[in-house]
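In the UniProt record's numbering, the protein residues as written are 1 to 413.
Heads up, the beta-carbon is just placed ideally off N, CA and C, and yes, glycines get one too.
Contents: one structure, followed by commentary.
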Ligand SMILES: [Zn+2]
């Protein structure tokens with residue numbers, strides 16, 4: 001029997017000197033806390049969260065959400081595993097366990113635009129001190145174990161932070177005027193062995209921790225997040241409080257104490273600030289409900305992850321964009337050339353020639369930013385004046401049938 005999970009906590013800290021004009025730059029160290037208490041059928045005490053001090057904001061997303069999935073873009077993202085090995089040769093995870101974890105991870109992201117692949121070069125870290133990793137004393141020792149263009153997953157036998165055992169933790173994205181070395185340093189997810197793989201033990205916290213941590217890596221907060229204010233049950237402040245995601249209902253902080261044993265039904269009696277009773281999503285991967293209840297992300301969480309990925313991670317992590325073609329009938333492809341690398345020229349490509357078309361660039365708030373005409377096999381437009389962000393490109397054939405046109409999306413870095 002797994003030796004109990006008492007809580008997941010957030011340990012968040014701010015890095016000084018990492019600020020840009022648009023977003024306050026913060027790092028979140030997100031921990032899944034494992035207590036020493038044995039998990040019982042009656043539930044366990046919820047340990048307090050660690051220090052909560054984070055500021056990873058992504059407000060423009062509220063506006064982007066409705067439009068960001070205009071294109072059916074898919075991203076294939078390689079994960080680079082680093083497995084700590086004790087001096088006696090015991091590995092914190094076998095290749096088989098890693099493969100199982102990957103399979104499980106992809107099943108949780110099935111509805112998302114992300115597919116994760118395993119970088120075949122799984123590395124070993126032979127260091128008996130890191131085998132049972134203590135975040136306060138060991139983090140700096142792990143910094144050399146990063147590959148800058150990968151999502152780095154470091155698996156230790158056990159993890160602990162501030163004296164508490166944890167299942168895993170991840171960092172929020174960093175942006176702005178930050179050195180590449182710092183970006184690499186926090187380009188990592190840490191996992192404890194017992195939480196990495198599936199287990200046949202009922203209630204074992206093994207299936208979704210990696211998915212939860214990658215949720216943080218792609219900018220998701222816990223559904224019970226309150227650092228920017230408590231989300232109201234009526235949802236009226238959902239875009240500026242709580243987890244900033246509007247289709248995750250207000251969450252009073254789920255846990256064993258307010259969830260029916262084994263049935264994943266919220267039975268708490270908390271009221272929000274307006275006196276309304278909560279009706280939280282017990283199945284949400286980003287909640288603290290009993291881990292066997294956590295099964296899914298919501299559509300808006302997926303959109304937030306995609307938007308955070310394109311704005312913060314795409315530049316950092318080598319990945320394959322599987323499809324950037326629009327669903328329209330002009331068969332055109334648009335990219336900031338070469339997307340996703342930084343560039344100032346929007347390139348519209350149509351092998352065989354695009355008929356003379358009107359191109360309309362629309363920003364995240366739905367406003368038209370500019371229009372221009374495009375024609376031919378390849379049209380390039382200078383977009384250096386556009387602020388970084390996600391834009392929709394609407395193409396409409398001039399002088400053709402009125403329904404001829406399509407909508408594409410591009411990212412300006
Ligand atoms: Zn978390």
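Whole-number beta carbon distance between residue j and residue i, since they are thought to touch under 8 angstroms
i           : j           : result
residue 229 : residue 211 : Not confirmed; about 26 angstroms, so no contact.
residue 280 : residue 223 : 7 angstroms
residue 396 : residue 377 : Contact doesn't hold; Cβ gap of about 19 angstroms is too wide.
residue 155 : residue 83  : 5 angstroms
residue 418 : residue 172 : Residue 418 lies beyond the residue range present for the chain, which begins at 1 and ends at 413; the question has no answer from this structure.
residue 492 : residue 78  : In the structure displayed, the chain extends from 1 to 413; residue 492 sits before or after that span and is not available.
residue 174 : residue 180 : Wrong, their Cβ atoms sit about 11 angstroms apart, outside the cutoff.
Own chain residues within Cβ distance below 7 angstroms of residue i, not counting five before or after
i           : result
residue 237 : 229 and 231
residue 225 : 242 and 243
residue 138 : 129 and 130
residue 247 : 298, 299 and 300
residue 122 : 81, 83, 95 and 98
Cβ neighbours of residue i in the same chain (closer than 6 angstroms, five flanking residues each side left out)
i           : result
residue 320 : 76
residue 379 : 348
residue 98  : 81
residue 264 : 282 and 293
residue 112 : 302
residue 213 : 168, 170 and 189
residue 209 : 32, 167, 168 and 195
residue 353 : 376 and 377
residue 124 : 83 and 85
Inter-residue spacing [alpha-carbon to alpha-carbon] between residue i and residue j
i           : j           : result
residue 310 : residue 105 : 20 angstroms
residue 245 : residue 346 : 30 angstroms
residue 71  : residue 304 : Caution applies to residue 71, whose pLDDT of 49 falls short of 50 and renders its modelled position unreliable; the model cannot decide the point.
residue 158 : residue 239 : 36 angstroms
residue 283 : residue 289 : 7 angstroms
residue 163 : residue 196 : 21 angstroms
residue 308 : residue 94  : 31 angstroms
residue 436 : residue 168 : Here the chain has residues from 1 to 413 only, and residue 436 is not among them.
residue 344 : residue 411 : 11 angstroms
residue 408 : residue 314 : 18 angstroms
residue 62  : residue 91  : With a pLDDT of only 42 at residue 62, under the threshold of 50, the placement of this residue in the model should not be trusted; the figure read from the coordinates follows. About 43 angstroms.
residue 374 : residue 115 : 33 angstroms
residue 312 : residue 74  : 16 angstroms
residue 117 : residue 356 : 40 angstroms
residue 218 : residue 286 : 12 angstroms
residue 102 : residue 275 : 42 angstroms
residue 96  : residue 132 : 21 angstroms
residue 194 : residue 165 : 11 angstroms
residue 386 : residue 398 : 25 angstroms
residue 257 : residue 295 : 19 angstroms
residue 416 : residue 140 : Any answer about residue 416 is impossible in this case: the structure gives the chain only from 1 up to 413.
residue 414 : residue 152 : Any answer about residue 414 is impossible in this case: the structure gives the chain only from 1 up to 413.
residue 107 : residue 119 : 18 angstroms
residue 381 : residue 192 : 48 angstroms
residue 24  : residue 235 : No answer about residue 24 holds up, because its pLDDT of 27 lies below 50 and its placement is not dependable.
residue 220 : residue 109 : 14 angstroms
residue 394 : residue 207 : 41 angstroms
residue 316 : residue 306 : 14 angstroms
Own chain residues within Cβ distance below 8 angstroms of residue i, not counting five before or after
i           : result
residue 278 : 233, 249, 250, 251, 252, 266, 268, 270, 271 and 272
residue 371 : 358, 359, 360 and 361
residue 368 : 360, 361 and 362
residue 160 : 132, 133, 134, 135 and 166
* To do: Kindly confirm or deny that the region 184-200 and the region 146-164 touch, where touching means at least three C-beta pairs closer than 8 angstroms.
  => By the criterion of at least three beta-carbon pairs nearer than 8 angstroms, the region 184-200 is in contact with the region 146-164.
* To do: Decide if the region 123-140 is in contact with the region 80-99; the criterion is three or more beta carbon pairs, one per stretch, under 8 angstroms apart.
  => Verdict: yes, contact present.
* To do: State whether the region 356-365 contacts the region 387-394, with contact taken as three or more CB pairs (one from each stretch) at a distance under 8 angstroms.
  => A contact exists between the region 356-365 and the region 387-394.
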